[in-house]
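Protein chains in written order, with the numbering used here: chain A, 1 to 263; chain B, 1001 to 1263.
All residues carry an ideal CB built from backbone N, CA and C; glycine is no exception.
One structure is given below, encoded as structure tokens.
Number of protein chains: 2
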Amino acid sequence: MTCSVEIVCVGNELLIGKTLNTNAQWLADKITRLGGKVTRITEVGDDVQEIASAVREALKRKVDFVITTGGLGPTFDDKTLQGISRATGKKLKLSSEALRLVRDRYREMSILKRLRLTKPRVKMAILPEGSSPMRNPVGTAPGVLVERGSLKLISLPGVPEELRGIFEESVAEMIREKSGNLAFYESSMIVRGVVESALAPLIDRVMRVNPRVYVKSHPKVGEGRIGALIELHFSSIEKSREKAREQVIRAIIDMVRMLGKRR
Amino acid sequence: MTCSVEIVCVGNELLIGKTLNTNAQWLADKITRLGGKVTRITEVGDDVQEIASAVREALKRKVDFVITTGGLGPTFDDKTLQGISRATGKKLKLSSEALRLVRDRYREMSILKRLRLTKPRVKMAILPEGSSPMRNPVGTAPGVLVERGSLKLISLPGVPEELRGIFEESVAEMIREKSGNLAFYESSMIVRGVVESALAPLIDRVMRVNPRVYVKSHPKVGEGRIGALIELHFSSIEKSREKAREQVIRAIIDMVRMLGKRR
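Here it is as structure tokens:
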């Protein structure tokens, strides 16, 4: 089984370089470890048309999951659900279930002495028709799940702790299940004093002998500078972690032997 | 004048969450400060078909610049130029100008005692027909410029120092020129003890009074947790830095006044 995932990150702060997209990396790492395969990450601004077009394109590529981050909060520029509504044709409607979640969270907050469900607060409970809210264990904006046939379109807030909380509580298990419990294993070795162009044929050979292992070179001190320093990253996806680990170790041993012969 | 830019980042390491995409953030920040507007960032894996489709879609959206990062090196999985060749229909061909740049860089390297232009090294000089190589002041793989009418498609290597070196030396000026020297100014203030849903109407009002300023709230301690801490980010793009700065300061003063009245 495979489980393909696209991530769509929403936020002007990403496009002006104010914010480093740690959410995308965190999600990609988690999803990979759960046996899923992230096939594309797209970042767009807080613009309904842009969000809708990125989501529509992701839906067209027929992945198993599309996960959006950001744009679920109470302010005017939190527009993700408007974009999803436009991409899917599902109208935005007040969800009583989501409103209950929002109200419960505010009740738990000690800082708001008397709760008023103001317009910005109610906004967080206005979801595409037929979608389900996912409890936010950390903040107030619920996550949102829209199902289209077998595809799941999931929206998570942009505040990292909230994104992580909802993912761990409600999303991780869906991905694990869809991937059929595939296991990812990775390991790295550092090679000093050999430039990448000289390593290239060795990488080719190791991958030919170990077809289930992906080897990628990451120059830390790049080609053309004194003191070449390259990270060789080995990874494998198998039915068990033990099997994936075995494959990776065998490939590393092959690489070490070839490097030894070279010297 | 406006100058729109899309960024396409290539690398499996981004999709498995191994690498935080600092290149995209660095570029987005630089481009914004040069007066350009990044409209989308896409991350795809080391796959010719995926690269080609992301580049083709970016070209279709008719921006002024498409900048790719990564996949220019000497190894088998450096496939960006193959993807660009497929997206643009320009065949890959050995460029004598690029080969000269690669050869010069290896000659300058003290670590290679005798230079052999092996296949992986020559690979870095095989470019889409009609493109121009851009000198890499730090590493060996040249940057690549493909022109399509008024659109510039630029490829930079993934090693951060190399990407930055080529950008500063050859790309920055093109963007500054295209943007007509627009200036970006930004400033932030921290608001404590007011939740985002309570700030939302104030942000609306400040933006209505200051239509040239964009105000965005970034919850540091999110809604629903004790000790609300929100960064309010103000930014403006104007013909001069002074003018942009003036607009931003006026908006901050308005916000401070409104917050004062609230208490």
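- The criterion of a C-beta distance shorter than 9 Å is not satisfied by Gly1165 (chain B) and Gly1011 (chain B).
- Minimum Cα-Cα distance from Glu1050 (chain B) among the listed residues B:Phe1234, B:Lys1079, B:Arg1262 and B:Ile1031 corresponds to B:Lys1079.
- Interface annotation, Asn1021 (chain B): in contact with chain A, CB-CB separation under 9 Å.
- Look at the beta carbons and you see the region 1239-1248 of chain B touching the region 1201-1215 of chain B: at least three pairs across the two are nearer than 8 Å.
- The Cβ-Cβ distance between Ile16 (chain A) and Ser1235 (chain B) falls below 9 Å.
- Interface criterion not met: the Cβ of Asn1210 (chain B) is under 9 Å from no Cβ in chain A.
- Listed in chain order, the beta strand (DSSP E) runs fully inside the region 1052-1131 of chain B are 1065-1069, 1092-1094 and 1126-1128, counting runs of at least 3 residues.
- Tyr185 (chain A) places its beta carbon 9 Å or farther from that of Arg116 (chain A).
- With respect to the 9 Å criterion, Gly36 (chain A) and Ser4 (chain A) are classified as neighbours on the basis of their beta carbons.
- For chain B, the residues of the region 9-36 of chain A that bring a beta carbon within less than 8 Å of one of its beta carbons are Asn12, Glu13, Leu14, Leu15, Ile16, Gly17, Lys18, Thr19, Leu20, Asn21, Thr22, Ala24, Gln25, Trp26, Leu27, Ala28, Asp29, Lys30, Ile31 and Thr32, in chain order.
- Among the CB atoms of chain B, none fall inside 9 Å of the CB of Met174 (chain A).
- For Ala58 (chain A) and Gly1045 (chain B), the gap between their C-alpha atoms comes out near 15 Å.
- Contact residues of the region 1053-1080 of chain B toward chain A are Gly1073, Pro1074, Thr1075, Phe1076 and Asp1077 (C-beta to C-beta distance below 7 Å).
- A residue is called buried once 16 or more other Cβ atoms fall within 10 Å of its Cβ, and Arg148 (chain A), having fewer, is exposed.
- Per the coordinates, the alpha-carbon of Glu1231 (chain B) lies some 35 Å from the alpha-carbon of Val1055 (chain B).
- Annotation: the region 1198-1258 of chain B contains the following complete segments of the beta strand (DSSP E) (minimum length 3 residues), in chain order: 1214-1221 and 1229-1238.
- Taking 9 Å as the CB threshold, Ile1249 (chain B) stays off the interface with chain A.
- According to the DSSP assignment, Thr1022 (chain B) belongs to the alpha helix (DSSP H) that extends over Thr1022 to Arg1033.
- Between Leu151 (chain A) and Asp64 (chain A), the beta carbon gap of about 7 Å places them in contact (Cβ cut-off 8 Å).
- Within chain A, Phe76 have C-beta atoms less than 7 Å from the C-beta of Asp1204 (chain B), given in sequence order.
- Leu99 (chain A) sits close to Ala125 (chain A), with the two beta carbons spaced by under 9 Å.
- Taking 9 Å as the CB threshold, Ala1198 (chain B) lines the interface with chain A.
- Spanning the alpha carbons of Leu92 (chain A) and Ser53 (chain A) requires a straight line of approximately 17 Å.
- Sequence-distant partners of Glu1161 (chain B) (beyond 5 residues in either direction) whose C-beta falls short of 7 Å from its own C-beta, in its chain, are Val1138.
- When secondary structure is reduced to three states using DSSP, Arg1135 (chain B) falls in the coil class, being assigned neither helix nor strand.
- When DSSP states are grouped into helix, strand and coil, Gly1149 (chain B) belongs to the coil group.
- Remark: C-beta atoms of Leu1027 (chain B) and Ile41 (chain A) do not approach each other more closely than 9 Å.
- By DSSP's assignment, Val5 (chain A) forms a beta bridge with A:Val38 and A:Phe65.
- Around the Cβ of Ser95 (chain A), a 10 Å sphere holds 16 or more other Cβ atoms; the residue is buried.
- Look at Val1195 (chain B) here: in three-state DSSP terms it is coil, with no helix or strand label.
- DSSP places Pro1160 (chain B) inside the alpha helix (DSSP H), whose first and last residues are Pro1160 to Ile1166.
- Here the region 65-77 of chain A makes contact with the region 1195-1204 of chain B; the two share three or more CB pairs at distances below 8 Å.
- Interface criterion not met: the Cβ of Lys1178 (chain B) is under 9 Å from no Cβ in chain A.
- Shown here for Ile1252 (chain B): same chain residues with a beta carbon closer than 7 Å to its own, the five before and five after excluded, namely Ser1187, Met1189 and Phe1234 in chain order.
- Comparing alpha carbon positions, the residue from A:Glu168, A:Arg86 and A:Lys119 closest to Val102 (chain A) is A:Lys119.
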